[in-house]
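Remarks on the structure that follows.
2 protein chains.
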Amino acid sequence: MKQAVIVGAGLVGSLWAVFLARRGYQVKVFERRADMRSAGYVGGRSINLAMSARGWAAIDKAGIREKLEKVALPMPGRMMHAVDGALTYQPYGKEGEAIYSVSRGGLNLELLQIADSFPNVEFFFEHRCVEVSLDKPEITFENMAGGEVFTVEAPLIFGADGAFSAVRYALQRTDRFNYRQHYLAHGYKELNILPNADGTHKLDPNALHIWPRGNFMFIALPNADGSFTCTLFLPFEGEVAFEHLKSDADIQAFFAKWFPDIPPLMPHYLEDFKNNPTSSLMTLQCNPWQWQNRILLIGDSAHAIVPFYGQGMNAGFEDCTILDGMYEEFDGDWSKIIPAFDKKRKPDGDAIAELALRNFIEMRDLVGDPKFLLRKKIMAHVHAKHPEFLPVYSMVSFSNTPYHIALREDDAQNRLFEKILALPDIESRWDSPEVEAICLEHARRSL
Amino acid sequence: MKQAVIVGAGLVGSLWAVFLARRGYQVKVFERRADMRSAGYVGGRSINLAMSARGWAAIDKAGIREKLEKVALPMPGRMMHAVDGALTYQPYGKEGEAIYSVSRGGLNLELLQIADSFPNVEFFFEHRCVEVSLDKPEITFENMAGGEVFTVEAPLIFGADGAFSAVRYALQRTDRFNYRQHYLAHGYKELNILPNADGTHKLDPNALHIWPRGNFMFIALPNADGSFTCTLFLPFEGEVAFEHLKSDADIQAFFAKWFPDIPPLMPHYLEDFKNNPTSSLMTLQCNPWQWQNRILLIGDSAHAIVPFYGQGMNAGFEDCTILDGMYEEFDGDWSKIIPAFDKKRKPDGDAIAELALRNFIEMRDLVGDPKFLLRKKIMAHVHAKHPEFLPVYSMVSFSNTPYHIALREDDAQNRLFEKILALPDIESRWDSPEVEAICLEHARRSL
């Protein structure tokens, strides 16, 4: 009998259960938290997700697109809000391309229901993984409701249990396990913009909204119910920082100075600010992702990243696509699939971690920089005429090109635009044939 | 009453106990292993230590130099052994400067005895740290002999429990703890050259011996008893690697090809090779090193490094010197000492980690490179005439200059010698006034 254990019923664990079920596996999924279908989703510290091509590709391959399309709102571009209220709009890609705003809770709920509809998938909620045997094909859980501890036979274990993965902790004890966790100096706080009385959105729902302020920023992503899930990203310590936002007066003065247009959209923001936790942001890298061809880390447990490229979930879903592709390629032989996946995918995990860190700087800072806006304009202009000249954002969000190639291309395009933006009078001839030719020459050599 | 708990009775823990005892503290030292004074030292995986200026400075400050001088053998230079048996000698510093070969077991034994001679120091061997409370000034141990678990009041805790520190594991669970462990692709194996029948050394005892072979190397450090402690550093996997050294024939062919002069010195090398474990080599970095001004990591638990600069123990001992200096500066106020130490010392921990990795490349590879030997010759020549032109090796090994300054100087000297070695006919005019002037100009600007 083909059987597998998945630890974690989050986004990646639930989706991977669908893939394995379709391959005829008996799948047992263990989750520390309660079943959100009955217990409800615990919000307050969540950032909305931006589903892009890699996420959709996995969902297509799993055959569940139509069930998920209804919870996803297209965001074809970003809307930047200056302190004086001025708006600047930038499309993310070409006509027809968009990233999709999805609430984490809503998506997880849908995926759970889909996975649970397979007769060969069994969920165990409120089950904490207490030990992963390195010697034997076994894994031990504690039923947190009853307290009993029991061991399951598990020839194949997938650790989809997130950044603080219990499965990874077991691997971390083995010799020569490389590991790095690194926190940003910034934290984040969730806030919300509720719908208008008639259920409509208070801001344009067809955009990701950003209030870039140099070293910090505020963002808002639309939900299908007319609300926006918002996030404030701010350093923990420093001149302008969470540490100074304690009293009502502190918080009010902060918004009045930096985000004067936001309080009218969020009459309840003071309460939310004080009630919602301030969470931290981590990059996690490790190597290897597997143990003896029978335990494999996928998603955040292998490669947690900061959220600024909107790729955390997309990368985890792409893990599923690639694994399932290798399942075909190696005819279901896990002793080949698991090492091949580890080898192929690790450089991509490292690359998207770096790209996500770079995009934080872009979002919070560069989007207010005229030189950077000019670069974006040139790229969009040339890309529209010549699709082969592909901006890195498009490569990451609208293609399935391996992330490590996108990172290499990001380095190359940074060098390219250092040259282009140094051209005399570039402001007046950004759309000249000469600039276009330089970009096309770059594209030709990148192939 | 002034009281402190030290976790770990290794080199740094024992030395730090002496410092605290001299400051009038009641010190309890807990060690997982058995007392080596009765149980004997468990060898087989140890690399001899090279005590240099920072180690001696700490030992001087603790007032115990004369007790330790007898176990240390001066090594004023390194002797390189080519495959054909040709020897090249390089002094490490100026006339009168040397690093000192010390066996880890011997040094640890001496330090234990010295610390134990203080009435206010108490040792608890075979005691495993099972929990460090983050909320209360408490720490919990298991007596491994009897099995009982007990909690000790501990307003001040020093984690000197090495690379796999239990104290650090407690800190690792806290939010925003940065952590990185990275293994080399190389492992190492201890071997030994025994004394001649008359007790004399089989090689020159006044040198650190290196057999550099590009990607791998063999080293030998003298002991006072006429023996040498040797270490083979070799990749785990690859063309020439531990993975291929399984049978007697494999091992013999390997030594015959790469180290033909070694087997005659070590008639028992085959047995030792098979009996001694192959150990791995890790760099460990974390941040912060402390918790709430009352728990502090020192030595390897905060900054484990690879052994190639001979600075692991020296760095740990220097932690003690600096901490004790801050004890005076802040008049014994740990709420000031601990954060100040963490802030000041962390960049030095990172710098020596990087320098140690660089020195591996130097030892195994560059010491056989004519260009590199020329660089060393020029540096020694100018340094002898103008002591203010200080080679980085001297800065690290024969001074107490903070490591982060030495790292910066290493970068600067690398750029300097790129320029110098590119001069036409440098081979014939390496000792010319022109080259000397370039070096002095560099030294003047480095000040």
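First to last, the protein sequences are chains X and V. Numbering of the first sequence is given in my numbering, commencing with residue 3 and proceeding in unit increments. Numbering of the second sequence is given in my numbering, commencing with residue 3 and proceeding in unit increments. All residues carry an ideal CB built from backbone N, CA and C; glycine is no exception. Remember, it's a predicted structure, so these values are computed and weren't measured experimentally.
* Asked: Taking only beta-carbon atoms, is X:Ser-167 less than 8 Å away from chain V?
  -> no
* Asked: Within this structure, are the beta carbons of X:Val-242 and X:Gln-313 separated by less than 8 Å?
  -> no
* When you compare only the Cα positions, how much space is there between X:Asn-198 and X:Met-77? -> 20 Å
* Asked: By how many angstroms is the C-alpha of V:Gln-5 removed from the C-alpha of V:Leu-299?
  -> 17 Å
* How would you list, in chain order, the residues of chain X whose beta-carbon sits under 9 Å from the beta-carbon of V:Gln-183? -> Gln-174, Phe-179, Asn-180, Tyr-181, Arg-182
* Evaluate X:Gly-327 with the Cβ neighbour count: other Cβ atoms within 10 Å of its Cβ, from every protein chain shown; 16 or more gives buried, anything less gives exposed. => exposed
* Could you spell out where the alpha helix (DSSP H) holding V:His-385 opens and where it closes? => 372-387
* What is the residue span of the alpha helix (DSSP H) that V:Thr-323 lies within? -> 314-331
* Interface residues of chain X facing V:Ser-282 [CB-CB closer than 8 Å] -> Asp-177, Arg-178
* Under a three-way DSSP split, which group does X:Gly-10 fall into? -> coil
* Where V:Val-29 falls: helix, strand or coil (DSSP) -> strand
* Asked: How many angstroms separate the CA atom of V:Glu-330 from the CA atom of V:Pro-237?
  -> 46 Å
* Asked: What are the partner residues of V:Tyr-450, as DSSP defines its beta bridges?
  -> As displayed, chain V neither begins before 3 nor continues past 449, which places residue 450 of chain V out of reach and without an answer.
* Asked: Where do the N-terminal and C-terminal ends of the alpha helix (DSSP H) with V:Gly-107 fall, by residue?
  -> 106-118
* Leaving out five residues before and five after X:Trp-18 in sequence, what residues of the same chain have Cβ atoms less than 7 Å from its Cβ? -> Ile-8, Phe-160, Ala-162, Ile-300, Cys-322
* Cα-Cα separation, X:Lys-276 to X:His-270 -> 11 Å
* **Alpha-carbon to alpha-carbon, X:Asn-194 and X:Pro-214** => 18 Å
* Does the separation of the CB atoms of X:Ile-324 and X:Phe-310 fall below 8 Å? -> no
* For V:Lys-259, three-class secondary structure by DSSP -> helix
* Would you kindly work out how many angstroms separate the C-alpha atoms of X:Tyr-181 and X:Gln-174, rounded to a whole number? => 8 Å
* Any idea what DSSP makes of V:Pro-266, helix, strand or coil? -> helix
* Comparing the CB of V:Glu-68 with every heavy atom of the ligand ADP, is any distance shorter than 7 Å? -> Absent from the structure shown: the ligand ADP. Ligands present: none.
* The beta strand (DSSP E) spanning V:Leu-247 covers which residue range? -> It is not in any beta strand (DSSP E) - V:Leu-247 carries neither H nor E in the DSSP assignment.
* Asked: In three-state DSSP terms, what is V:His-406?
  -> helix
* Along the chain, where does the beta strand (DSSP E) that runs through X:Ile-297 open and close? -> 297-299
* Asked: What is the DSSP secondary structure of V:His-211, reduced to helix, strand or coil?
  -> strand
* Could you check how far apart the C-beta atoms of X:Phe-391 and X:Leu-442 are, in whole angstroms? I think they sit under 8 Å. => 6 Å
* Asked: Is it a yes or a no for the stretch 69-85 of chain V touching the stretch 337-351 of chain V, going by three-plus beta-carbon pairs under 8 Å?
  -> no
* Classification of V:His-388 by the beta-carbon crowding that lies within 10 angstroms, buried from 16 upward -> exposed
* Asked: With respect to the alpha helix (DSSP H) encompassing X:Leu-173, which residues constitute its N-terminal and C-terminal limits?
  -> 168-174
* To do: Classify V:Gln-115 as buried or exposed, calling it buried when 16 or more other Cβ atoms lie within 10 Å of its own Cβ.
  => exposed
* Asked: How close, in whole Å, do the beta carbons of X:Lys-378 and X:Trp-291 come, if the pair is a contact with beta carbons under 8 Å?
  -> Between X:Trp-291 and X:Lys-378 the Cβ distance is about 35 Å, and since that is not below 8 Å, they are no contact.
* Curious, which full-length alpha helix (DSSP H) runs of at least 4 residues does the stretch 67-107 of chain V contain? -> 67-71
* Asked: Got a sec, what are the start and stop residues for the alpha helix (DSSP H) V:Gly-57 sits in?
  -> 55-63
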